[in-house]
Every structure is written in C-alpha cells, then in structure tokens.
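Asker: Sharing a structure below in structure tokens format, with a few things to ask.
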Amino acid sequence: MLSYRHAFHAGNHADVLKHLILFAVLDYYNRKDKPYWYIDTHAGAGLYDLGGDMAQKVGEYREGIARLRQAQDLPPLAAAFVAHLAAMRLPEHAGGTLYPGSPWWAQSLLRDDDRLRLFERHPQDFALLQQSMRHSRRPRRSVLADGDGFSGLLSLLPPPPRRAVVLMDPPYEQKQDYRKAVETLAAALKKFATGCYLLWYPCLSRAESSGLPDKLRALWPDNYLRAELHVRAPAADGFGMHGSGMWLFNPPYTLAAELENALPALGECLRQDGGGHTVLEYQLR
Ligand SMILES: C[S@@+](CC[C@H](N)C(=O)[O-])C[C@H]1O[C@@H](n2cnc3c(N)ncnc32)[C@H](O)[C@@H]1O
C-alpha cells in the first residue's frame, strides 16, 4: 500500500534540514577531482509546485523554505544553500513556484562524470520523476528505477567509481521502514564501507522513532554524524512529528564544523514554539 505523497510536505522544515545537508555533502564531494555516484533510494517526484493543490492544502513550506528565504544574516552554509536554490535553473513554470526535491538538488550539483541512480516506487510519483528529470541538466546521466530502493541500493554496491553518496529517505508510514533502513544500511556498509550514507528520519513520540539513533550508533560507532531539528515540543497527545533528523555514516570531516554554526540558525529560523531545539552529535575517525 503506497499512500504517501511528498507533494503535501514539500519544502517543509524536514526538507530544509535534509536538502541543506545533502547540499553540503555534494559540495564537499565535488572538491575532489574524482567521479562519484549519487544514489537516491526514495527519490519522490523530483519537483514540487508549492502553489499546487497538494502543497497548498496545509502549506507546510510556509514554515520551512519560505521562512529561510526571508531570513537575514545566515551563517555561511545556510546562506550558500539559499543562494544555490535562488540560482537553480528550474523548468519554466507559470507560477514560478517550483521547489526541487532531492534528485533535483543532486542534478544541480553533480559534474559531467558523476552519475545519478534514482529509485521511486509510487507509480504516479515515478511518472512525475521521469518527466521532471527530462528537464534536468543531465537527463542521460540519470538512471531511474520504479522498484524498491532498499534492495535496489544493495544491487548497486560497490559502485564502479568506488565513491558514492547515498540518500535514504523513506516515508516511515509503515513501521517496517525503520527496520528496513537499519538492516539495509548494515548490509550496505558491509558491501561498501567507504560510502557516505545519509538517512532522514522523523522525530516522533513513538518507540520506533526515538530508539532509532541508538540502533544507528551501534551499527557504525566510529564515524557518524547526527543532526536533528526539533521545531516544537512534542504534542501532549503524543501525535505528530515535532522535528526530524539526518544520520550520516562516513560524513565529510568538514560537516560538523559547518553545522555547529548553521544548525542553531536553522533552529532559530524554523522553530514553531518554545520547545524547538537542535541536536548535533558526532564521532569522526
Ligand atoms: C519522503 S519521500 C522522498 C522525498 C525526496 N527524497 C526528496 O527529498 O525530495 C519518500 C518517497 O519514497 C517512495 N517510496 C516508498 N517506499 C519506497 C520503496 N520501498 N522504494 C522506493 N521508493 C519508495 C514514496 O512513494 C515517496 O515518494
């Protein structure tokens, strides 16, 4: 059963955290003159119309990317992220209200010899992804698959250039996504120990979510980074997402210092009540 549609949430605080960290990682990978693969296990539709019915239904982007675009005096990483978004060449669109999903952030940063491998299982979002990637800078350097991104990732490892950035961004509508994410990352690290792996996860008042950091830390304790952006205090009834996190295995060694500045600024900009806070934890080899 596939009911999740990212268009309802595009550009929200969770997208901002995820895409900012993805931006920082790909920027770092571009500093070395050696090609790499970008593998997106849960790619979504690629582009989202923030003026469209789905995004407008709750308007989550208003408390996400819309706030960041208005912010002043941002630290260098956040300012570079906003500037890159403003300069991104998006397809012509009547409202000018398109927001890039992770495949589009990646295609805007990858170089000629780098490659994209994208998985998306929802039939409608897969069709939208195909359509949107036709307008990308490198349509022939992207391979799209309408299958399961967890097993798809393992089938690609180790990648031919022996350098890769992997984004795993499941919807977690089904509890099994928590288990599959951990199991797949464990298997991926066995097949390709030097890859840079990024996992997005929601911060919720339920055991699967709150117990995830301990499981991830135990998996690869020597070289990881955890960044969480809690935009509000957990609801009294325990429902809803009060924040989200990104967990990285083998992060760029520069990222922790960049986030020491950028993450508190994001927290300041995106918090919705006095319970908002950020978490930055890392262990680097
Ligand atoms: C959170 S959205 C992805 C958003 C995207 N990564 C971005 O940042 O723009 C999760 C996507 O995963 C898709 N999906 C769910 N289960 C999947 C699976 N096992 N393999 C591949 N895609 C899956 C959903 O249809 C949905 O489009």
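If you're matching positions, the sequence shown starts at 147 in our numbering and goes up one per residue. Just so it is clear, CB atoms sit at the ideal spot from N, CA and C, and this is done for glycine as well. All figures in this text were calculated on a predicted structure; none of them were measured in a lab.
1) Can you name the start and end residues of the alpha helix (DSSP H) that Pro-414 belongs to?
2) So which of Asp-323, Arg-286, Tyr-182 and Pro-285 has the shortest CA-CA distance to Gly-295?
3) Just tell me which of His-159, Ala-156 and Pro-398 has its CA closest to the CA of Lys-178.
4) Tell me whether the stretch 183–194 and the stretch 236–248 touch, counting them as touching only if at least three CB pairs, one residue from each stretch, are closer than 8 Å.
5) Around the Cβ of Gln-253, are there at least 16 other Cβ atoms within 10 angstroms (buried) or fewer (exposed)?
6) So Thr-424 is in the beta strand (DSSP E); what residue range does that whole segment cover?
7) Comparing the CB of Tyr-324 with every heavy atom of ligand 1, is any distance shorter than 6 Å?
8) If you reduce the DSSP assignment to three classes, tell me which class Val-377 lands in.
9) Go through its chain and collect everything with a Cβ distance to Gly-293's Cβ below 7 Å, but skip five positions before and after it.
10) Looking at C-alpha atoms only, which residue of Gly-384, Glu-374 and Leu-409 is the closest neighbour of Met-392?
11) Is the beta carbon of Ser-248 within less than 6 Å of some heavy atom of ligand 1?
12) In the DSSP assignment, the alpha helix (DSSP H) including Gly-295 goes from what residue to what residue?
13) With burial defined as no fewer than 16 other Cβ atoms inside 10 Å of the residue's Cβ, what is the status of Glu-447: buried or exposed?
14) Roughly how many angstroms separate the alpha carbons of Phe-154 and Met-387, rounded to a whole number?
15) Between the alpha carbons of Gly-198 and Gly-205, how many angstroms are there, rounded?
16) How would you label Ser-301, buried or exposed, when you count the other beta carbons within 10 angstroms and need 16 or more for buried?
17) Consider the C-beta atom of Glu-206 and the heavy atoms of ligand 2; say whether any pair is separated by less than 6 Å.
18) Skipping 5 residues on each side, what residues in its chain have a beta carbon closer than 6 Å to that of Phe-395?
Answerer: Taking the structure as given:
1) What sits at residue 414 in the sequence shown is Glu, not Pro. That run of the alpha helix (DSSP H) goes 401–416.
2) Asp-323
3) Pro-398
4) yes
5) buried
6) 423–429
7) no
8) If DSSP states are grouped into helix, strand and coil, Val-377 belongs with coil.
9) The beta carbon of Gly-293 sits closer than 7 Å to those of Phe-265 and Arg-267, all from its chain and outside the five residues before and after it, given in chain order.
10) The shortest C-alpha separation from Met-392 is found at Glu-374.
11) yes
12) Residues 295–302.
13) This structure does not reach residue 447, given that the chain is present from 147 up to 431, and the question cannot be answered.
14) 14 Å
15) 10 Å
16) Burial call: exposed.
17) Within the structure as shown, ligand 2 is missing, the only ligands being ligand 1.
18) Tyr-343, Trp-366 and Tyr-370
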